[in-house]
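Anchor point for the first sequence: position 316 equals 316 in full-length UniProt numbering, and the numbering is continuous, going up by one each time.
The C-beta atom is built at its ideal place from N, Cα and C for all residues, glycine as well.
Remember, predicted model here, so these are calculated numbers, not experimental data.
What follows is one structure encoded as structure tokens, with my remarks underneath.
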Amino acid sequence: MAAIQDVEAAASAGPAIAEKLLAWYGREGRSLPWRIPPGADETPDPYKVWLSEVMLQQTTVKAVLPRYGRFLRRWPRVEDLAAAPLGDVLAEWAGLGYYARARNLHACAVAVAEEHGGRFPATEAGLKQLPGIGDYTAAAIAAIAFNEPAAPVDGNIERVMTRLFALKTPLPEAKPEIKALAASLTPKDRPGDFAQCLMDLGAQICTPKRPACGLCPIRADCAGYAEGLAEVLPYKAAKAERPTRLGTAFVSVRQDGAVLLRERPPKGLLGGMLEVPSTPWEGQQASAPLDFAPLEADWRKKVGLVEHTFTHFHLKLEIYAAEVAEGAALSVAADPGRCRWVARRDLADAALPSLMRKVLRHGLGE
DNA sequence: AAGGCGTGGGC
DNA sequence: TGCCCAAGCCT
Numbered sequence: 001m002a003a004i005q006d007v008e009a010a011a012s013a014g015p016a017i018a019e020k021l022l023a024w025y026g027r028e029g030r031s032l033p034w035r036i037p038p039g040a041d042e043t044p045d046p047y048k049v050w051l052s053e054v055m056l057q058q059t060t061v062k063a064v065l066p067r068y069g070r071f072l073r074r075w076p077r078v079e080d081l082a083a084a085p086l087g088d089v090l091a092e093w094a095g096l097g098y099y100a101r102a103r104n105l106h107a108c109a110v111a112v113a114e115e116h117g118g119r120f121p122a123t124e125a126g127l128k129q130l131p132g133i134g135d136y137t138a139a140a141i142a143a144i145a146f147n148e149p150a151a152p153v154d155g156n157i158e159r160v161m162t163r164l165f166a167l168k169t170p171l172p173e174a175k176p177e178i179k180a181l182a183a184s185l186t187p188k189d190r191p192g193d194f195a196q197c198l199m200d201l202g203a204q205i206c207t208p209k210r211p212a213c214g215l216c217p218i219r220a221d222c223a224g225y226a227e228g229l230a231e232v233l234p235y236k237a238a239k240a241e242r243p244t245r246l247g248t249a250f251v252s253v254r255q256d257g258a259v260l261l262r263e264r265p266p267k268g269l270l271g272g273m274l275e276v277p278s279t280p281w282e283g284q285q286a287s288a289p290l291d292f293a294p295l296e297a298d299w300r301k302k303v304g305l306v307e308h309t310f311t312h313f314h315l316k317l318e319i320y321a322a323e324v325a326e327g328a329a330l331s332v333a334a335d336p337g338r339c340r341w342v343a344r345r346d347l348a349d350a351a352l353p354s355l356m357r358k359v360l361r362h363g364l365g366e
């Protein structure tokens with residue numbers, strides 16, 4: 001890894017670079033609902049900072065914006081969130097993905113409310129003990145909400161640092177060096193502003209594709225730019241290819257319009273969310289998919305497939321639909337204890353992930 | 001330590 | 001179209 005000279009260079013050139021960046025942040029930084037203006041004397045509410053950071057994990061600002069305000073209105077304080085049923089939190093999170101975040105968010109709220117008197121720990125180490133708070137989020141909350149001299153490193157900051165110092169070591173191997181460089185650049189008096197400044201630069205100027213180097217406040221300091229590598233850095237290790245899995249889902253519609261849904265196991269893929277009962281999803285279609293139907297009915301196969309891509313596999317689902325009698329008995333294989341009939345008008349607010357909304361739309365023929 | 005874990009947008 | 005990508009965490 002080496003590159004001690006990079007860290008020393010960052011430490012000596014650091015103050016000048018940080019000054020240019022913070023000046024840019026004052027002019028061009030984004031105004032976001034979980035932020036307070038740059039250079040303000042007070043620090044933002046740790047609960048709001050934490051919520052925004054968790055929502056933003058692997059999720060775009062655009063996707064988070066409409067959800068953050070809704071969530072905060074529903075549960076304005078950490079104690080409110082801690083008192084909510086997990087199912088309500090999952091329903092509010094539906095569509096945002098990575099549902100372990102919502103499960104951990106709830107567990108974290110309970111821990112803060114019950115074990116920390118309703119106040120978040122004020123240090124990076126203390127924050128990192130809490131569920132769903134890892135290296136990045138602990139450092140971000142410590143810096144932004146508590147003005148601690150922490151240096152969070154997210155994907156934006158990785159990109160900015162690898163370009164600024166022309167780091168050719170591929171990710172994730174380069175992470176320790178990136179962390180050291182970011183820490184050496186961080187001004188001790190404004191760690192929160194500086195972290196958010198780097199993230200804004202990464203999001204608006206130092207973008208993954210076609211970076212706007214012409215508008216960059218530190219182009220003159222950028223080794224990646226000087227070497228003509230800004231656009232191709234960071235180098236990344238190759239990722240595994242995604243297999244395709246197949247299955248068949250069964251949309252059961254009762255006479256009164258209610259739809260049969262089932263709660264998934266509490267952990268793992270879509271853990272704790274609701275699903276449309278289906279065969280297992282495997283490398284090939286089940287030879288007799290109807291054996292997996294949740295009840296006996298006149299099943300009709302819908303034309304076409306529902307396709308969905310998860311992080312680590314593609315999924316193609318055949319859809320069968322049937323209108324079923326009011327008192328139809330669920331098959332034992334359907335695990336009736338986890339099943340429930342949900343009225344059509346309640347679907348919008350149910351804990352249904354995007355995949356299952358696609359399945360319902362297809363199966364209900366809308 | 002590498003792989004599981006969502007989703008929607010952009011090219 | 002298919003792939004890449006977004007303020008990562010957990011095991």
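With Val-61 as the anchor, note down where its alpha helix (DSSP H) starts and where it stops. It spans 61–74 - the alpha helix (DSSP H) in which Val-61 sits, taken as one unbroken run.
List, from N- to C-terminal side, the beta strand (DSSP E) runs of 3 residues or more that fit wholly inside the segment 268–343. Assignment of beta strand (DSSP E) within the segment 268–343, counting only whole runs of 3 or more residues, yields 300–309, 314–324, 339–342 in chain order.
Cβ atoms of Leu-22 and Cys-197: under 8 Å apart, would you say? The answer is yes: Cβ separation under 8 Å.
Taking 8 Å as the threshold, find out whether the segment 50–57 comes into contact with the segment 125–141 through three or more Cβ pairs. The answer is yes - the segment 125–141 touches the segment 50–57, with three or more Cβ pairs under 8 Å.
Taking the C-alpha atoms as reference points, what is the distance between Leu-167 and Asp-221? Using only the alpha carbons, I get a separation of about 14 Å.
Measure the Cβ-Cβ separation of Arg-357 and Arg-262 and say whether it is below 8 Å. Between Arg-357 and Arg-262, the CB-CB gap reaches or exceeds 8 Å.
So what does DSSP say about Phe-250, is it helix, strand or coil? The three-state secondary structure of Phe-250, taken from DSSP, is strand.
Sequence-distant residues of its chain with Cβ nearer than 7 Å to Leu-90 (five each side left out): Excluding five sequence positions before and after Leu-90, the CB atoms of its chain that fall closer than 7 Å to its own CB belong to Tyr-99, Ala-102, Gly-272, Met-273, Ala-351, given in chain order.
Can you find the residues in the same chain that come closer than 6 Å, C-beta to C-beta, to Glu-307, ignoring five residues on each side of it along the sequence? Annotation for Glu-307: Lys-316 place their beta carbon closer than 6 Å to its own, counting only its chain and skipping 5 residues before and after.
Helix, strand or coil for Lys-128? Go by DSSP, reduced to three states. Residue state for Lys-128 is assigned as helix, using DSSP reduced to three classes.
Please state whether DSSP places Thr-169 in a helix, a strand or coil. Collapsing the DSSP output to three states places Thr-169 in coil.
Please classify Arg-219: does DSSP put it in a helix, a strand, or coil? In the three-state DSSP reduction, Arg-219 falls in the helix class (H, G or I).
Buried or exposed: which applies to Val-232, given that a residue is buried once 16 or more other Cβ atoms fall within 10 Å of its Cβ? Val-232 should be labelled exposed.
What does DSSP give as the partner residue(s) for residue 374 in the beta ladder? Outside the shown range of the chain, which is 1 to 366, sits residue 374, and nothing can be said about it.
Would you mind giving the Cβ-Cβ distance between Gly-363 and Ala-321, rounded to the nearest angstrom? I have them listed as a contact below 8 Å. The C-beta separation of Gly-363 from Ala-321 comes to about 4 Å, placing the pair in contact by the 8 Å criterion.
In three-state DSSP terms, what is Val-160? Of the three classes helix, strand and coil, the one that applies to Val-160 here is helix, per DSSP.
Residue span of the alpha helix (DSSP H) that contains Leu-90, given as start and end: Segment 86–93, the alpha helix (DSSP H) holding Leu-90.
May I ask you to report which of helix, strand or coil DSSP gives Leu-352? DSSP places Leu-352 in the coil class of the three-state scheme, outside both helix and strand.
Round the Cβ separation of Leu-130 and Ala-113 to the nearest angstrom and send it over; I've been treating them as touching at under 8 Å. The pair is not a contact, with the Cβ atoms about 12 Å apart (cut-off 8 Å).
Under a Cβ-count criterion, where at least 16 other Cβ atoms within 10 Å of its own Cβ denotes burial, should Val-253 be classed as buried or exposed? Buried.
Leaving out five residues before and five after Glu-158 in sequence, what residues of the same chain have Cβ atoms less than 7 Å from its Cβ? Taken in chain order, the residues that qualify are Leu-171, Ile-178, Pro-234.
By how many angstroms is the C-alpha of Phe-120 removed from the C-alpha of Lys-128? Spanning the two alpha carbons is a distance of roughly 11 Å.
Spatial neighbours of Ala-150 in its chain, beta-carbon cut-off 7 Å, leaving aside the 5 residues before and after: The residues are Glu-124, Ala-139, Ala-142, Ala-143, Pro-191.
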